[in-house]
Amino acid sequence: MDSLPEDCVSKILSYTSPPDACRFSMVSSTLHSAADSDLLWKSFCPSDYHRILARVLHPHTLDSSSYKNLFFSLCHPLLLDGGNMSFKLEKCSGKKSYILSARQLSIAWSSDPLYWCWRTVPESRFKEVIELRMVSWLEIRGGIWTRVLTANTWYAVYLIMKISHRKYGLDRVACEVSVAVGEKVQSGKVYLCEKDEKKGKKGSVLKMEEEEVMGVAEKREDGWREIKVGEFFSGENDEQVTMSLMELGYKLKGGLVVEGMEIRPKHHRS
């Protein structure tokens, strides 16, 4: 391979992955030069990176001195659209992921302070999160277009949330979750409470429904909890993805804190 022109080697390496390119750079001087080239790292950056950069809230945090530096800058979470959305690339694949803030979600009665409270918490990546005070019908919806995602990729959708100490009624009934792309709809049931709470409070009713339930909220590395809403395939066409979580009963409930919804490549763990 040392006898090939550098641009040819860079083109070959573009069919690998960013971690592979970094490893190849240590093999020889020829591979090192090709593996660090702008030609290679531009291929790892998303084709719409110019539009992404135009939406970044704090562009001074980006290092665009080379395409390699730009790629790794994009691998760190970046706030977009005035701070209401978070974006990042996977280091291992260059695939895109997004987090829609609670402000970008459609939450029933979220504008009524009797039912929901917008507030700032230091552990959130966004300026505001929303806390449920009291509702009898819980409905949270979000949406994204596949054109902003990585094509031909399986994605999973998660609600990022916490349960406050003022919680009540959240462990009594299941929530229905769904993800729809065009006419394709995936749906299931989940519980917002923690596993030990679920087992301790639901008794025989829960045991009867156990097989139908997809899961409960699990801990994330960032200190929040997440619950899987569903998954979908982002193909070549531009289609709208709609995600929703709705509580199936009508009992009063409160104490749910919502940060947003994450859309990330299916194999990725946050």
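Taking the numbering used here, the leading residue of the sequence shown gets 13, the next gets one more, and so forth. Idealized CB from N, CA, C, for every residue including glycine.
Look at the alpha carbon of residue i and the alpha carbon of residue j, and state the distance between them as a whole number of angstroms.
i, j, result
"Lys-100", "Thr-158", "16 Å"
"Ser-41", "Pro-134", "47 Å"
"Ser-118", "Gly-154", "6 Å"
"Glu-223", "Gly-200", "At Glu-223 the pLDDT is 43, less than 50, meaning the model places this residue with poor confidence; the figure from the coordinates comes in the next sentence. Roughly 11 Å between the two C-alpha positions."
"Ile-111", "Leu-16", "42 Å"
"Cys-57", "Gly-181", "45 Å"
"Trp-236", "Ser-29", "30 Å"
"Ala-229", "Cys-34", "36 Å"
"Val-39", "Ser-77", "24 Å"
"Met-173", "Leu-144", "11 Å"
"Thr-74", "Ser-105", "It is worth fixing the name first, because residue 74 is Leu in this sequence and not Thr. Looking at the two C-alpha atoms, the distance is approximately 20 Å."
"Val-189", "Val-68", "31 Å"
"Ser-113", "Asp-32", "33 Å"
"Cys-187", "Met-273", "16 Å"
Verify whether the separation of the beta carbon atoms of residue i and residue j is less than 8 Å.
i, j, result
"Leu-91", "Ser-85", "no"
"Trp-149", "Ala-120", "yes"
"Glu-243", "Lys-278", "yes"
"Val-270", "Ile-152", "yes"
"Val-169", "Val-241", "yes"
"Ile-275", "Ser-109", "yes"
"Leu-264", "Met-146", "yes"
"Ile-156", "Val-21", "no"
"Glu-238", "Leu-171", "yes"
Have a look at the DSSP bridge pairing and note the partners of residue i.
i, result
"Glu-271", "In DSSP, Glu-271 forms no bridge with anything."
"Trp-128", "Leu-144"
"Ile-24", "Note: Ile-24 sits in no beta bridge, so no partner."
"Tyr-79", "Its beta-bridge partners do not exist; DSSP assigns none."
"Ser-118", "Arg-153"
"Ile-175", "Leu-268"
How many whole angstroms separate the CB atoms of residue i and residue j, which I take to be in contact at a CB cut-off of 8 Å?
i, j, result
"Ser-37", "His-44", "5 Å"
"Arg-178", "Gly-266", "6 Å"
"Lys-103", "Cys-87", "5 Å"
"Val-185", "Gly-261", "4 Å"
Item to complete: For the segment 44-61 and the segment 17-29, state whether three or more C-beta atom pairs, one from each stretch, are separated by less than 8 Å.
Response: For the pair of segments examined, the segment 44-61 was found to touch the segment 17-29: the number of CB pairs separated by less than 8 Å reaches three.
Item to complete: Specify whether the segment 237-253 and the segment 152-172 touch according to this definition: at least 3 beta carbon pairs, one from each stretch, less than 8 Å apart.
Response: yes
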